[in-house]
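Residue numbers (mature numbering (1 follows the signal peptide of the UniProt record, and there is no 0)): -29 to -1, 1 to 171.
Working notes, structure below.
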Amino acid sequence: MQQRTAFRCCRRAIGVAAILCLTSPAALGDTETADVVPCTISAWSKDDRPHGLTVHEGPGIGTPVLATLPPSKRFDGSPIGTEVSIAGSRNGWFLIREAVVVDYYRSDPSTVVFEGRGWVNGDKLALLLNHRTLYAKPSANAEEVADLYSASARSGPDGFVVDRLHACTGSWVDVEGQFFGAKLRGWSVGTCSNQVTTCP
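Okay, here's the thing in structure tokens:
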């Protein structure tokens, strides 16, 4: 009797393990979790097309569209884009959890225009660099790619114009852009999404 009961328990355990294996995100090819590198950064949409930036269900242009973020608008001659909270990246796409339209010039409250899980392409995102060094890898011990300081222009990392984001991990982000005519790419840390002033 004890052997029969033990056999049933063993079969049940094997069955549960098989179900868990078959329903795991990796087995199902879940685009929300498989091969996603987690990070915690913020950025803004620089998409000024009339229809705005599309938020997709997965990291690819062929996946269903979940929402469209408002296009950037000009205030005092400067474009202000919808800001996004980023939770991860995969193949040049970024997983966002929230998108907000921030009113920098009036006392109106910020407007949340997207909540949930969605993907946006890094070629439509920008952010502000605070640190003057770009690195070859996401580590302060990695090789230095560039020193973002121009004595002639009296400008630091805030003079770096971001063309696109490539990837992120932790608080690091792989950026590509231009610094007074020089096209550069590297990893930066301590970035922010404030579009009107530098961050502390």
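Every residue, glycine too, gets a C-beta built ideally from N, C-alpha and C.
Between residue i and residue j, what straight-line distance do the alpha-carbon atoms span, to the nearest angstrom?
| i | j | result |
| --- | --- | --- |
| ARG20 | LYS44 | 10 Å |
| GLY152 | LEU96 | 20 Å |
| VAL73 | THR140 | 25 Å |
| ASN92 | PRO30 | 8 Å |
| CYS170 | GLY161 | 9 Å |
| TRP15 | PRO35 | 22 Å |
| TYR76 | ILE51 | 11 Å |
| VAL144 | ASP94 | 13 Å |
| SER49 | VAL8 | 32 Å |
| GLN149 | PRO128 | 11 Å |
Locate the beta strand (DSSP E) running through residue i, then write down its first and last residues.
| i | result |
| --- | --- |
| GLN149 | 143 to 150 |
| THR140 | 132 to 140 |
| ASP118 | 115 to 118 |
| LEU98 | That residue, LEU98, is in no beta strand (DSSP E); it is neither H nor E in DSSP. |
| PRO128 | Per DSSP, PRO128 belongs to no beta strand (DSSP E) and is neither H nor E. |
| SER110 | Note, SER110: premise wrong, no beta strand (DSSP E); not H, not E. |
| ARG88 | 82 to 92 |
| ALA153 | 153 to 160 |
Between the options, which lies nearest to residue i when the distance is taken from Cα to Cα?
| i | options | result |
| --- | --- | --- |
| LEU136 | ARG88, SER60, GLY33, SER78 | SER60 |
| LYS154 | SER164, THR169, ASP134 | ASP134 |
| ALA5 | ILE32, ASN62, GLU54, ILE57 | ASN62 |
| HIS102 | ALA117, ASN92, ASP94, GLY93 | ALA117 |
| CYS163 | PHE150, SER110, VAL146 | VAL146 |
Contact check, residue i vs residue j under 8 Å by CB: the rounded distance?
| i | j | result |
| --- | --- | --- |
| THR104 | GLU115 | 6 Å |
| GLY130 | ALA124 | 7 Å |
Beta strand (DSSP E) runs contained entirely in the stretch 21 to 72, provided each spans 3 or more residues: 24 to 27, 36 to 40, 44 to 46, 49 to 51, 54 to 61, 64 to 72
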